[in-house]
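Take a look at the structure set out below.
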Amino acid sequence: MAVKVEELLTADINQPARYLGNELGSTHKPWDGALVRWVLTYPEVYEVGASNLGHIILYNILNAGPRQLCDRAYLPAPDLAAKLRSTKTPLFAVESRRSLTEFDILGFSLSYELGATNILEMLDLAGIPLTWKERATNDQNGQMPLIFAGGQTATSNPEPYADFFDFIALGDGEELLPEIGLILAEGKTNNLSREALLLDLAQIPGVYVPQFYDMAADGSVHPNRPQVPERILRRVATPIPAYSIGLVPYVQTVHDRLTVEIRRGCTRGCRFCQPGMLTRPARDVEPQQVVEAIEQGMQATGHSEFSLLSLSCSDYLALPAVGMEIKNRLKDKNISLSLPSQRVDRFDDNIADILGGTRQGGLTFAPEAGTQRMRDIVNKGLTNEELLRGVKTAVDRGWDKIKLYFMIGLPGETDFDVLGIAETVRWLHRECRLQGRRGLNFNLTISNFTPKPHTPFQWHSVSTAEFSRKQKLLKGEFRGMRGVKVNYTDVRISAMEDFVGRGDRRLGAVVRRAWELGAGMDAWWESLDQAYKAWTQAIDESGLTWKYRQVESGEWNLFDREEEHDTDTRMNLTARAGTGTPPLLDQPLPWDHLDTGIDKNWLKIDLQKALEAATVPDCSFEGCSRCGVCGTDFGHNVVVDALPIPEFAGEFVPNTDRKQRFRVWFGKVGDMALVGHLDLIRLFDRVVRRADLPISFTGGFHPNPRISLANALPLGVTSTGEIADFELTESIDIESFREKLAAKLPENIPIYKVESIDLKAPSANQLLEAAEYVITVASAGSLTENGELDRENVAPVSLAPDTNWEAWVKTIAETEAFWRVHTTKSGKTQDVNLRERLHKLELVDQKPDSSTSARSATSEGRAVLRFTGSCRSDGNLLKPEHIVFMLEQVSQQEIQLLQVERSQLILGYG
Numbered sequence: 010m011a012v013k014v015e016e017l018l019t020a021d022i023n024q025p026a027r028y029l030g031n032e033l034g035s036t037h038k039p040w041d042g043a044l045v046r047w048v049l050t051y052p053e054v055y056e057v058g059a060s061n062l063g064h065i066i067l068y069n070i071l072n073a074g075p076r077q078l079c080d081r082a083y084l085p086a087p088d089l090a091a092k093l094r095s096t097k098t099p100l101f102a103v104e105s106r107r108s109l110t111e112f113d114i115l116g117f118s119l120s121y122e123l124g125a126t127n128i129l130e131m132l133d134l135a136g137i138p139l140t141w142k143e144r145a146t147n148d149q150n151g152q153m154p155l156i157f158a159g160g161q162t163a164t165s166n167p168e169p170y171a172d173f174f175d176f177i178a179l180g181d182g183e184e185l186l187p188e189i190g191l192i193l194a195e196g197k198t199n200n201l202s203r204e205a206l207l208l209d210l211a212q213i214p215g216v217y218v219p220q221f222y223d224m225a226a227d228g229s230v231h232p233n234r235p236q237v238p239e240r241i242l243r244r245v246a247t248p249i250p251a252y253s254i255g256l257v258p259y260v261q262t263v264h265d266r267l268t269v270e271i272r273r274g275c276t277r278g279c280r281f282c283q284p285g286m287l288t289r290p291a292r293d294v295e296p297q298q299v300v301e302a303i304e305q306g307m308q309a310t311g312h313s314e315f316s317l318l319s320l321s322c323s324d325y326l327a328l329p330a331v332g333m334e335i336k337n338r339l340k341d342k343n344i345s346l347s348l349p350s351q352r353v354d355r356f357d358d359n360i361a362d363i364l365g366g367t368r369q370g371g372l373t374f375a376p377e378a379g380t381q382r383m384r385d386i387v388n389k390g391l392t393n394e395e396l397l398r399g400v401k402t403a404v405d406r407g408w409d410k411i412k413l414y415f416m417i418g419l420p421g422e423t424d425f426d427v428l429g430i431a432e433t434v435r436w437l438h439r440e441c442r443l444q445g446r447r448g449l450n451f452n453l454t455i456s457n458f459t460p461k462p463h464t465p466f467q468w469h470s471v472s473t474a475e476f477s478r479k480q481k482l483l484k485g486e487f488r489g490m491r492g493v494k495v496n497y498t499d500v501r502i503s504a505m506e507d508f509v510g511r512g513d514r515r516l517g518a519v520v521r522r523a524w525e526l527g528a529g530m531d532a533w534w535e536s537l538d539q540a541y542k543a544w545t546q547a548i549d550e551s552g553l554t555w556k557y558r559q560v561e562s563g564e565w566n567l568f569d570r571e572e573e574h575d576t577d578t579r580m581n582l583t584a585r586a587g588t589g590t591p592p593l594l595d596q597p598l599p600w601d602h603l604d605t606g607i608d609k610n611w612l613k614i615d616l617q618k619a620l621e622a623a624t625v626p627d628c629s630f631e632g633c634s635r636c637g638v639c640g641t642d643f644g645h646n647v648v649v650d651a652l653p654i655p656e657f658a659g660e661f662v663p664n665t666d667r668k669q670r671f672r673v674w675f676g677k678v679g680d681m682a683l684v685g686h687l688d689l690i691r692l693f694d695r696v697v698r699r700a701d702l703p704i705s706f707t708g709g710f711h712p713n714p715r716i717s718l719a720n721a722l723p724l725g726v727t728s729t730g731e732i733a734d735f736e737l738t739e740s741i742d743i744e745s746f747r748e749k750l751a752a753k754l755p756e757n758i759p760i761y762k763v764e765s766i767d768l769k770a771p772s773a774n775q776l777l778e779a780a781e782y783v784i785t786v787a788s789a790g791s792l793t794e795n796g797e798l799d800r801e802n803v804a805p806v807s808l809a810p811d812t813n814w815e816a817w818v819k820t821i822a823e824t825e826a827f828w829r830v831h832t833t834k835s836g837k838t839q840d841v842n843l844r845e846r847l848h849k850l851e852l853v854d855q856k857p858d859s860s861t862s863a864r865s866a867t868s869e870g871r872a873v874l875r876f877t878g879s880c881r882s883d884g885n886l887l888k889p890e891h892i893v894f895m896l897e898q899v900s901q902q903e904i905q906l907l908q909v910e911r912s913q914l915i916l917g918y919g
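When we follow the numbering used here, the leftmost residue of the sequence shown carries the number 10, and every step to the right adds one.
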């Protein structure tokens with residue numbers, strides 16, 4: 010049964026459009042025609058989840074399968090979460106709006122160590138037991154969905170979260186999830202028990218079922234039955250760019266653009282980088298597939314920006330050729346290209362040529378360390394000369410803002426290395442200064458290194474006390490340095506990430522208790538204080554405080570010398586000849602049963618090379634490093650050679666010609682009332698692009714389409730009388746314009762009328778004089794009785810016994826002044842006579858509340874009123890709330906505004 014979402018999304022819910030679903034690009038499959046029904050549940054707010062590329066790809070792939078249906082769900086913001094609980098409404102999927110318990114399987118993305126608390130929040134809101142044991146106990150009728158997780162953290166070390174999931178999907182999901190779907194379909198057909206179904210799933214390479222494995226006293230994990238593999242294989246898939254074309258949200262998302270993957274995997278071998286180890290081998294996408302996906306995707310979505318995605322985009326040797334080909338094809342569309350953080354040593358004029366457009370964005374480089382020695386220890390493969398050359402190229406090509414990423418707390422780091430970060434920035438400032446140009450600005454992010462599983466530094470121990478000390482050192486160095494903004498990662502987040510990220514199954518109880526104490530959305534700075542308090546209390550209650558204290562003070566350092574520490578308690582990797590491998594490296598780790606392809610012995614060897622500050626070359630372009638990945642199970646590196654770069658066809662030149670203007674009267678009805686004004690402007694921009702209409706652009710550095718809305722409609726208000734002006738670069742038939750525009754608009758934005766307007770005529774915004782509204786109001790008793798009433802959380806109305814709408818309307822009409830204090834945007838106050846702004850007010854209908862007995866003709870509970878009031882661009886407005894104010898003045902009753910519709914905007918043609 011569908012949840013009545015429209016009843017939940019009232020005025021007190023922030024950004025209600027994030028819960029609507031059914032955006033452009035969403036898939037609608039008949040419920041009864043599906044044998045297996047999935048929900049991809051992203052444990053973050055919609056703006057983050059809906060722009061996640063993996064989420065979009067898997068959604069598209071699953072819906073492409075026969076008899077498989079895939080819906081989506083996201084973490085509700087605290088305001089909606091509270092309403093779901095208070096109304097006992099279960100968390101729902103956004104397409105079908107059905108409760109999550111109605112589906113067969115829920116897949117969570119777990120890509121962050123502290124993200125599990127959000128998953129528990131979603132399960133609780135859905136009314137689903139939190140652990141696999143509780144679900145198995147409560148699933149007497151086989152109606153409880155299977156719960157699984159995938160993503161980087163799930164693949165890296167799922168043990169702290171093993172209690173919560175029926176299974177874990179390891180690695181790439183493009184091929185793995187459809188295989189899981191086939192097993193689920195077969196299991197449903199044969200009416201398998203939950204345990205039997207999970208046993209079948211455990212036979213699929215890449216599926217780890219924690220309940221079929223037990224943790225030993227030393228933290229290692231082993232099968233508890235012979236039918237499951239001792240080690241579970243990470244899955245590897247080839248990227249398919251066509252599946253990247255998907256959702257076009259109604260609200261602005263974190264990555265509000267089309268994103269297409271050009272390369273999966275990275276073989277640079279940075280010793281701190283978990284993604285670089287867990288995504289091997291490197292797989293380049295064929296350039297033609299990338300170009301076609303971008304060209305088709307931009308037309309299908311209407312985005313004005315696209316991004317090419319990879320862990321290291323500049324290692325995709327065909328990048329300059331592909332970028333230039335796309336730029337040439339989309340030359341007349343006002344399109345911009347952005348790239349994520351890229352290798353500064355590969356940044357050159359060819360890459361600079363393809364970036365940006367008319368909207369040149371920022372550049373992000375990641376030197377990671379401030380000295381050459383430290384960059385060699387972490388195998389960054391970057392020299393000072395290469396760093397300077399890359400930054401100089403950026404400055405020469407017009408960039409004056411550059412973001413740089415550094416880390417502190419790396420193995421072997423000294424105070425000299427820490428201070429080297431500030432010295433590097435000073436040096437770059439000095440060397441890159443250009444005469445006659447504004448100064449170069451650096452935006453620095455300095456994060457705290459936390460060791461990750463499956464990397465050579467997985468045996469290192471951090472010290473949060475040292476993090477704090479080193480941050481203080483840097484703050485002193487940067488104080489007074491001009492043109493530099495520095496952001497530091499909160500030490501508390503780093504401590505929690507490290508404690509959980511390398512933990513074992515004992516941490517399951519800690520994660521659950523932290524959620525019960527209020528931890529959630531822990532990556533958001535505004536939640537940090539509450540999260541830290543919850544996590545520390547949960548750790549204290551668990552009896553694992555000793556383990557957490559090691560994170561605070563540092564248990565060992567990979568670079569400690571033997572003569573400085575007792576070798577029984579401290580780790581020594583500078584082993585003497587014949588002493589063998591240090592015992593600590595042979596101790597079992599909680600993730601040893603996961604076969605990621607990386608040989609653990611190779612990690613030990615690479616760690617030894619780090620101690621010697623020896624670098625290892627990139628095996629995509631030089632010799633094999635013998636990491637263990639390449640072979641039958643994981644494949645081999647696939648590298649596309651550099652291609653000839655097409656001749657540059659020129660930058661986008663905005664066509665500012667104005668040959669025709671159309672004025673469009675349209676509506677904003679149904680759920681579109683929940684789309685805000687700025688989001689509506691973005692929607693029209695994309696609609697015009699998809700409709701391929703010859704829109705005219707403004708001039709200047711940031712050309713925008715000449716689309717002008719007459720007036721902003723308040724959020725939550727429906728309308729049948731909105732107006733927008735469109736200016737075109739060429740004349741087209743009015744009916745053709747209307748058909749093309751209507752074909753690309755959502756059905757709840759209907760077009761009522763289109764007129765051709767003289768180009769010299771004033772805009773609709775300039776002509777706007779008044780607006781007509783139809784409002785529904787109700788009396789909630791006398792103002793004195795309800796003086797303390799919380800209007801945003803008001804109880805059902807208790808009707809005043811002397812309600813007389815006709816008399817009140819008449820009194821307002823006969824009154825000359827209703828004074829109210831108005832505060833301007835600048836904070837100034839002025840007295841305003843609202844009556845002067847009211848042109849007309851009439852009673853349309855009145856009716857008793859359904860909970861009351863019949864009343865006299867003049868004593869009705871609710872009324873429908875129509876009013877016409879001033880609505881001018883100079884701020885002279887009469888709002889529905891002003892009518893409520895006047896009604897309260899004449900009635901001395903509290904009046905509730907129940908519903909608002911704007912029926913028309915009135916233009917003054919003079």
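All C-beta atoms in this analysis are idealised placements derived from N, C-alpha and C, irrespective of residue type, glycine included. Computed from a predicted model, the values in this text were never measured in an experiment.
DSSP-derived helix/strand/coil call for residue i
i: methionine 224; result: strand
i: tryptophan 408; result: coil
i: histidine 37; result: coil
i: glutamine 256; result: A small fix is needed here, since residue 256 is leucine in this sequence, not glutamine. In the structure shown, leucine 256 sits in coil (DSSP, three-state: anything other than H, G, I, E or B).
i: glutamate 656; result: coil
i: glutamine 839; result: strand
i: glutamine 212; result: coil
Under 8 Å between C-beta atoms of residue i and residue j
i: proline 99; j: leucine 84; result: no
i: proline 258; j: alanine 59; result: yes
i: isoleucine 904; j: valine 783; result: no
i: tyrosine 51; j: serine 118; result: yes
i: asparagine 388; j: threonine 605; result: no
i: histidine 463; j: proline 420; result: no
Identity of the residue in the options nearest residue i by Cα
i: proline 284; options: Gly160, Gln546, Lys618, Ser900; result: Gly160
i: cysteine 639; options: Ala658, Leu49, Asp608, Asp362; result: Asp608
i: alanine 163; options: Gln152, Asn150, Gly182; result: Gly182
i: glutamine 898; options: Arg844, Gly489, Leu914; result: Arg844
i: threonine 268; options: Gly274, Leu318, Thr459, Ala431; result: Leu318
i: serine 456; options: Glu270, Gly379, Leu603, Phe657; result: Gly379
i: threonine 288; options: Asn646, Thr392, Ile417; result: Asn646
i: valine 218; options: Leu179, Glu184, Asn200, Gly255; result: Leu179
i: lysine 316; options: Leu364, Cys279, Pro290; result: Note on residue identity: the sequence assigns serine, not lysine, to residue 316. Of the listed residues, the one whose Cα sits closest to serine 316 is Leu364.
i: cysteine 636; options: Gly870, Asp650, Pro250, Lys613; result: Lys613
Same chain only: Cβ atoms within 7 Å of residue i, ignoring 5 sequence neighbours per side
i: leucine 526; result: Ala543, Gln546, Ala547
Local Cβ density within 10 Å of residue i, reported as buried at 16 or more and exposed below that
i: lysine 97; result: exposed
i: tyrosine 252; result: buried
i: tyrosine 68; result: buried
i: serine 347; result: buried
i: aspartate 424; result: exposed
i: isoleucine 743; result: exposed
i: cysteine 322; result: buried
Residues near residue i by beta carbon distance below 8 Å, same chain, minus five either side
i: tyrosine 45; result: The question names tyrosine, but residue 45 in the sequence shown is valine. For valine 45, where only same-chain residues beyond five positions count, the Cβ hits under 8 Å are Arg76, Gln77, Leu78, Asp113, Ile114, Gly190, Leu193, Ala194, Lys197.
i: leucine 437; result: Leu396, Leu397, Val400, Leu449, Phe451
Beta-carbon proximity list for residue i, same chain, < 6 Å, skipping 5 on both sides
i: glutamate 781; result: Thr877, Ser912, Gln913
i: valine 14; result: Arg106
Closer than 8 Å to chain C by CB, residue i
i: glutamine 901; result: Chain labels in this structure do not include chain C; a single protein chain is all it has.
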